[in-house]
Amino acid sequence: MKLFCLAYAGGTATTAYRKMKSRLYPGIDVVPVNIPGRVEKDTSPPKTVDELIGRLAQQICSKSDEDWAILGHSYGAGLAFEITRRAEKGGIPPRLCIISGRRAPKSNRQNHSFARLDDDTLLTRVAEWGALPPEYFEHPALRCLAAVRLREDFQFSDSLHERDPIPLRCTPLYVMAGTNDPVAPPREVLGWCSRTLAGSSFDKFEGDHFFLFNNAKAADSIRTHLFSFLTQHP
Numbered sequence: 001m002k003l004f005c006l007a008y009a010g011g012t013a014t015t016a017y018r019k020m021k022s023r024l025y026p027g028i029d030v031v032p033v034n035i036p037g038r039v040e041k042d043t044s045p046p047k048t049v050d051e052l053i054g055r056l057a058q059q060i061c062s063k064s065d066e067d068w069a070i071l072g073h074s075y076g077a078g079l080a081f082e083i084t085r086r087a088e089k090g091g092i093p094p095r096l097c098i099i100s101g102r103r104a105p106k107s108n109r110q111n112h113s114f115a116r117l118d119d120d121t122l123l124t125r126v127a128e129w130g131a132l133p134p135e136y137f138e139h140p141a142l143r144c145l146a147a148v149r150l151r152e153d154f155q156f157s158d159s160l161h162e163r164d165p166i167p168l169r170c171t172p173l174y175v176m177a178g179t180n181d182p183v184a185p186p187r188e189v190l191g192w193c194s195r196t197l198a199g200s201s202f203d204k205f206e207g208d209h210f211f212l213f214n215n216a217k218a219a220d221s222i223r224t225h226l227f228s229f230l231t232q233h234p
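Every letter in the sequence shown is one number past the one before it in full-length UniProt numbering, and letter 7, counting from 1, is 7.
So this is what it looks like as structure tokens:
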């Protein structure tokens, strides 16, 4: 089974899911999906979030086989959900959509837009989550690049959060949250479970916003869910 994986704001899936790739092997082929223009420099970046979703959906669906699933963390979770909706419309839905570390759309919590912060504040806030290595603050070029990427991603992420998506028709959801996540508390992640007509499950894991990458039990649970679902729905 292929598991297409999308990363958090400012990140690249190739780097973010490197450890998970080895944790889920064998049996599950982790396929990192990067934002166009981030890794492949000859690819133009998308101008709108809908263009991004369309391009990613086309890329994923062209590589998918009969058994595939999709996983997104934080910003990537919002993209994963919208890509799944596109795949359903195209008649090739994933077996499972995994939502990790993202507040449900239209959640009650006041939405503070990180995209509107100045560069220093934006980078400091993200660094507090453990998402930026120290060298990004030591080198002006890296600092500027990080700020630009983060701002672009947060702008797209904000537009996804404000949508009131129609529930998925035939794709179940597995929703994951970190117990101490200050960005997406479990009570605000739980709302994703109502965004599908095909059933859902919800689990909490010890950790902060990056529990998915730091808690081995999260990867183990993903493996269990994927194989269990394949067994129950051959």
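All residues carry an ideal CB built from backbone N, CA and C; glycine is no exception.
Whole angstroms are fine: how far does the CA of G91 sit from the CA of I166?
The count along the sequence shown starts at 1 and reaches residue 166 at position 166. The count along the sequence shown starts at 1 and reaches residue 91 at position 91. Going from the Cα of I166 to the Cα of G91 covers about 17 Å.
For the segment 213–229 against the segment 138–149, are there 3 or more C-beta pairs whose distance is under 8 Å?
With a cut-off of 8 Å, the segment 138–149 and the segment 213–229 do not count as touching, because too few Cβ pairs lie within range.
What residue range is occupied by the uninterrupted alpha helix (DSSP H) comprising V148?
Within the sequence shown, residue 148 is the residue found at index 148, counting from 1. P140 to H161 is the extent of the alpha helix (DSSP H) around V148.
Report the rounded CA-to-CA distance for R125 versus T231, giving the unit in angstroms.
Residue numbering aside, residue 125 sits at position 125 when the sequence shown is read from its first letter. Residue numbering aside, residue 231 sits at position 231 when the sequence shown is read from its first letter. Taking the straight line joining both Cα atoms gives about 42 Å.
Once DSSP output is grouped into helix, strand and coil, what is the label at T124?
Within the sequence shown, the letter at position 124 stands for residue 124. Helix, per DSSP.
Our contact map puts A96 next to Y174 with C-beta atoms below 8 Å; I'd like the distance itself, whole angstroms only.
As a working note, residue 96 is residue 96 in the sequence shown. As a working note, residue 174 is residue 174 in the sequence shown. Here residue 96 is Leu; the residue named in the question, Ala, does not match the sequence. Indeed they touch by this definition, with Cβ atoms about 6 Å apart.
Is it true that the segment 152–163 meets the segment 175–184, where meeting means three or more beta-carbon pairs spaced less than 8 Å apart?
Cβ pair count under 8 Å is below three, so no.
Between the Cα of S74 and the Cα atoms of V148, S100, P93 and F81, which residue gives the shortest distance?
The count along the sequence shown starts at 1 and reaches residue 74 at position 74. Of the candidates V148, S100, P93 and F81, the one whose C-alpha sits nearest the C-alpha of S74 is S100.
Alpha helix (DSSP H) containing P186: first to last residue?
If you number the sequence shown from 1, residue 186 lands on position 186. Element bounds for P186: P186 to V189.
For L150 and D65, I'd like the C-alpha separation in whole angstroms.
The residue you call residue 150 lines up with position 150 of the sequence shown. The residue you call residue 65 lines up with position 65 of the sequence shown. Each residue's Cα considered, the two are about 32 Å apart.
Report yes if the C-beta distance between S200 and P172 is below 8 Å; otherwise report no.
Indexing the sequence shown from 1 puts residue 200 at position 200. Indexing the sequence shown from 1 puts residue 172 at position 172. Closer than 8 Å, so yes.
Just how far apart, CA to CA, sit A147 and Y17?
Numbered from its first residue, the sequence shown carries residue 147 at position 147. Numbered from its first residue, the sequence shown carries residue 17 at position 17. Using only the alpha carbons, I get a separation of about 22 Å.
Excluding sequence positions up to five away, which residues of its chain have a Cβ less than 6 Å from the Cβ of D119?
For the purposes of this step, residue 119 is taken as the residue at position 119 of the sequence shown. For D119, where only same-chain residues beyond five positions count, the Cβ hits under 6 Å are A147.
Among the candidates G178, L132 and Y25, whose CA atom is the shortest distance from the CA of M1?
To locate residue 1, count along the sequence shown from 1; it is residue 1. Closest option to M1, Cα to Cα, is Y25.
Since I believe R23 is in contact with A198 (beta carbons under 8 Å), could you give me their beta-carbon distance rounded to a whole number of angstroms?
As a working note, residue 198 is residue 198 in the sequence shown. As a working note, residue 23 is residue 23 in the sequence shown. The pair is not a contact, with the Cβ atoms about 26 Å apart (cut-off 8 Å).
Distance check for A177 and T14, CA to CA, integer angstroms please.
Here residue 14 corresponds to residue number 14 of the sequence shown, with the count starting at 1. Here residue 177 corresponds to residue number 177 of the sequence shown, with the count starting at 1. Answer to the nearest angstrom: the Cα atoms are 22 Å apart.
Beta-carbon within less than 8 Å of L123's beta-carbon, same chain only, minus the 5 sequence neighbours each way: which residues are those?
The sequence position of residue 123 within the sequence shown is 123, counting from 1. Excluding positions up to five away in sequence, the list reads L132, Y136, F137, R143, A146, A147 and L150.
For V49, does the three-state DSSP call read helix, strand or coil?
The residue you call residue 49 lines up with position 49 of the sequence shown. The answer is helix: DSSP assigns V49 an H, G or I state.
Should E88 and R38 be called a contact, given that it needs their Cβ atoms to be closer than 8 Å?
Working through the sequence shown from its first residue, we reach residue 88 at position 88. Working through the sequence shown from its first residue, we reach residue 38 at position 38. No, Cβ-Cβ distance for E88 and R38 is not below 8 Å.
If you reduce the DSSP assignment to three classes, tell me which class Y136 lands in.
Taking the first residue of the sequence shown as position 1, residue 136 is located at position 136. Three-state result, Y136: helix.
Answer with buried or exposed for G76, where buried requires no fewer than 16 other C-beta atoms within 10 angstroms of its C-beta.
Translated into the one-based positions of the sequence shown, residue 76 becomes position 76. Classification of G76: buried, given that the 10 Å Cβ count is 16 or more.
Could you check the C-alpha separation between G130 and G11 for me, to the nearest Å?
Within the sequence shown, residue 130 is the residue found at index 130, counting from 1. Within the sequence shown, residue 11 is the residue found at index 11, counting from 1. Rounded to the nearest angstrom, the two C-alpha atoms are 12 Å apart.
Roughly how many angstroms lie between the CA atoms of A114 and I35, to the nearest whole one?
Here residue 114 is taken as the residue at index 114 of the sequence shown, counted from 1. Here residue 35 is taken as the residue at index 35 of the sequence shown, counted from 1. As written in the sequence, residue 114 is Phe, which differs from the Ala given in the question. Their backbone Cα atoms lie some 19 Å apart in a straight line.
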